[in-house]
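Residue numbers (UniProt numbering): 1 to 1025.
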């Protein structure tokens, strides 16, 4: 008989030192599953498809009347919504509807509308407060998060009459004279627009557009994007609707209706302009709008390079970086620069509709595109909703609709007439070898000049252009910065619309694209830290489950800082404070001791046994390094040239050389050259040198090596995680996945440090890594109670309170319960203490045995099962395997035995496995050989701290358990074992006073030992002589 013992995976494989270029692809992040209706709704939506195909066929046969198309689309969205709700009666009524009588265009027809009851001022706060916070979070994560931090209750309470008057004024018709429109759009170039833009929408095109959407709030049709995909998986029917609208060059009237909600921006809540209007439009329309938006944006030459808003690029980061570079160079080289930040009043709501049409015609878009876009705004309307009321219908006679996919593109195109006129007449500012005139991200603009006089002249001309188009600047929200020979000029005054705008002093900043910008490169983030600290405390005190608190931190709180990491250079001391705050909070979430517990357990990914919260300081440093390298590698020649010149200039000044080569630049960035940083002042490349020092050169730096090197005539990044690992080189070919790759190396370094320097605290994590599903409860709570989770985390770090883990002078290390002269360690309590071995420890073993036995009984080898926890008949051996299986022909025997060892690393688990193999092989091999039977010994090993030993999976497969079933029961089994171990530990600490908590997630075996007796029909019947 052949015995095979599965060798555990090797954790620390030593590799030789050599450089390799990394080209592996990062694992694609699992997308969040969209909730689509199932069951009865699936049957109803089939009826809706049949109804649509019948009606659309009639529409085509009857001459393609647009009124019929309007009726079909209106009824269709209602039918999809009713089907998703499982409303069978409503769907049946919809199926019976007949098309309305058609009338001539402009003729009146009657239509009834179901009036919605006004909202109650009391709302449903009582029900909401009674609802479980955990259940609420499972339904709507973002809403619950805002509720916890106190940002969910801001609703507009301004009287509806005042709101209606305000929006009637802001959306009023502008009537810009035709000659002014012609003059303002005269600088727009004629672009090459192919005939493809007029063609039909293909199903693949609609599919690609739908993939790019986010499942935002439903509009007046009550649908989300996933409902459309659910109704029409192939998107054939939607493509037919959209192509008919394209052919008619019109959209249904109900697609033009929107419900507008008001989001609080800040300031006086009684002022309507402090509330941002967001229009919730029919989802079926938004997808159609996305199709035209994608086509228009695909035309080259429409946007000037200085307009970076809503493009497929990192527009904010590029705009902030260019401006920051210009200010830093002027300050470091003692040169002049004048900057003005501009803010338009109600920018999106002020665009004249006649300007949209004139802009499209001036660019040379075909008539069909102009007609389609013009119709989108013809007779479009909104109803504004406040806390308790809804306005009457307000016609949109000017402005683009916020919330419409095509609106940002149309706004940018209209603003191009102003920007291109400015580019033609402006002198701009020369930063090294690059000319910078204006930076625009939609309506957020920054104008640059060489002097305050030149800036004033250019601003006056730009203001005149904007005013002619009904686009008005708001001087109170604009600002300027004047540097003369690198020093702030406090006395110069810049005027806009007859009013002076704020002039920044040395230590003052202006919030540009969400980032405080001024003369100082290094900014303080203490305000951010204070706010984040407040939110973390509120989350910690909430009634959320552990995994939900962790999810909030990862999904909502920490991502807020990513934008800041990319665009600012906060002080390292403040980043350290923030990192300590986050690490401490995560430990508190999971009942991990604040002192003595390794940070690696918090920082390593969940799949590697940790909690998956990266150190914010390391994340900030890596993010900034990646941001700078992307600019030095940028495919945009303008960005790459500016940053390369910037780097060369800083290196020349600080190294003290007249000319520098690529190796000089690499050594400068790698902090391998002596420099005088005071000569140029703190800049972006000073931070890159700090990144290198912090991550590989300082005490407790995680990486063994991090350098910028020269590679094939370009800069590259060289990383070596540990002394034994391979040195990896990342080039511009890995630009898109650079952050992922660097994080991977950082995690490798952290794991190596954890395993080599903190051996006793990393034993369990080694076991978790060989089967990461042991740690799945960290993400989703799994099948483990909250009390068991609070026990498991300190337990896996060998930090459960017990005599051996107490360092008080004179305190005994011996067990408090049993009479043995043994130390009271975690393994002693959970495995061998006489106080528990006869009850809870045995119950834990029997629970695992019972679970596995039930699985085997339901499988293909269920009829093999003969004995449970009994001696094997006709062998003379007193050994009692947990499960004795024999084939019907009596020629094959399987002995399976359960063990729940304490996780003393990979070696300890393998030892427990081997002991079972040796025990039953030595006891039965020769006996069964003489009887002419083959023997297979299958250990079943589960760790006492809720870990799964991977070879157990193969044992279960050989016992007839399916792989799908195994994947399902792994978290269940791990959770069950953790529950028993928790009860064992607390009973040991508190004695008989401890009351065991019920097994809320199942897994409890039947009382007594009767269950070990084989059930009727399993025993082989005796043959009569």
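Ideal Cβ positions, reconstructed from N, Cα and C, are used throughout, including at glycine. Remember, predicted model here, so these are calculated numbers, not experimental data.
- Linking residue 761 to residue 600 through their CA atoms gives a straight-line distance of about 10 angstroms.
- Residue 990 sits exposed, since fewer than 16 C-beta atoms from the chains shown fall within 10 Å of its C-beta.
- Between residue 586 and residue 602, the CB-CB gap stays under 8 angstroms.
- Residue 833 and residue 803 have their C-alpha atoms spaced approximately 14 angstroms apart.
- Taking 8 angstroms as the cut-off, the beta carbon of residue 456 is found closer than this to the beta carbon of residue 494.
- Under the DSSP assignment, residue 629 falls in the alpha helix (DSSP H) whose first and last residues are 616-632.
- When 855, 903, 876, 731 are compared, the shortest CA-CA separation from residue 966 is found for 855.
- If you look at residue 893, you'll find it in the beta strand (DSSP E) that goes 892-899.
- DSSP lists 814 as the beta-bridge partner residues of residue 823.
- The segment 328-345 makes no contact with the segment 372-387; the number of CB pairs closer than 8 angstroms stays below 3.
- For residue 709, the enclosing beta strand (DSSP E) covers residues 705-711.
- Counting C-beta atoms within 10 angstroms of its own C-beta, residue 462 has 16 or more neighbours from the protein chains shown and is therefore classed as buried.
- DSSP places residue 829 outside any beta strand (DSSP E), giving it a letter other than H or E.
- For residue 276, the uninterrupted beta strand (DSSP E) segment begins and ends at 275-280.
- Taking a C-beta distance under 8 angstroms as the contact criterion, residue 858 and residue 555 do not qualify as a contact pair.
- Partner residues in a beta bridge of residue 306, as assigned by DSSP, do not exist.
- Of the other Cβ atoms in all chains shown, 16 or more fall within 10 Å of the Cβ of residue 422; this residue is therefore buried.
- Scanning 767, 734, 316 for the CA closest to the CA of residue 566 turns up 316.
- As for any alpha helix (DSSP H) of minimum length 4 sitting wholly inside the segment 427-471, the runs are 452-468, ordered along the chain.
- Here DSSP, grouped into helix, strand and coil, assigns residue 884 to strand.
- Leaving aside the five residues that flank residue 166 on each side, the residues in its chain whose CB is nearer than 7 angstroms to its CB run, in chain order, 272.
- For residue 804, no alpha helix (DSSP H) segment is defined, and its DSSP state is neither H nor E.
- Between residue 773 and residue 752, the alpha-carbon positions lie close to 21 angstroms from each other.
- As DSSP reads the structure, residue 758 sits in no beta bridge.
- Leaving aside the five residues that flank residue 655 on each side, the residues in its chain whose CB is nearer than 7 angstroms to its CB run, in chain order, 664, 668, 673, 675.
- Per DSSP, reduced to three states, the secondary structure at residue 502 is strand.
- Close CB contacts of residue 248 within its chain, under the 6 angstroms cut and outside five residues either way in sequence, are with 66 (chain order).
- Sequence-distant partners of residue 270 (beyond 5 residues in either direction) whose C-beta falls short of 8 angstroms from its own C-beta, in its chain, are 158.
- According to the DSSP secondary-structure assignment, residue 366 is paired through a beta bridge with no residue.
- Going by C-alpha positions, residue 1012 is about 28 angstroms away from residue 930.
- In the three-state DSSP reduction, residue 239 falls in the helix class (H, G or I).
- Inter-segment contact for the segment 612-620 and the segment 630-641 is absent: fewer than three beta-carbon pairs are separated by less than 8 angstroms.
- If you ignore the 5 residues before and after residue 395, its C-beta comes within less than 6 angstroms of the C-beta of 381, all in its own chain and listed in chain order.
- In the pairwise beta carbon analysis, the segment 474-490 is classified as not touching the segment 288-296: fewer than three pairs are separated by under 8 angstroms.
- Boundaries of the beta strand (DSSP E) harbouring residue 341: 337-342, taken from the DSSP string.
- With distances taken between CA atoms, residue 277 lies nearest to 170 out of 944, 170, 678.
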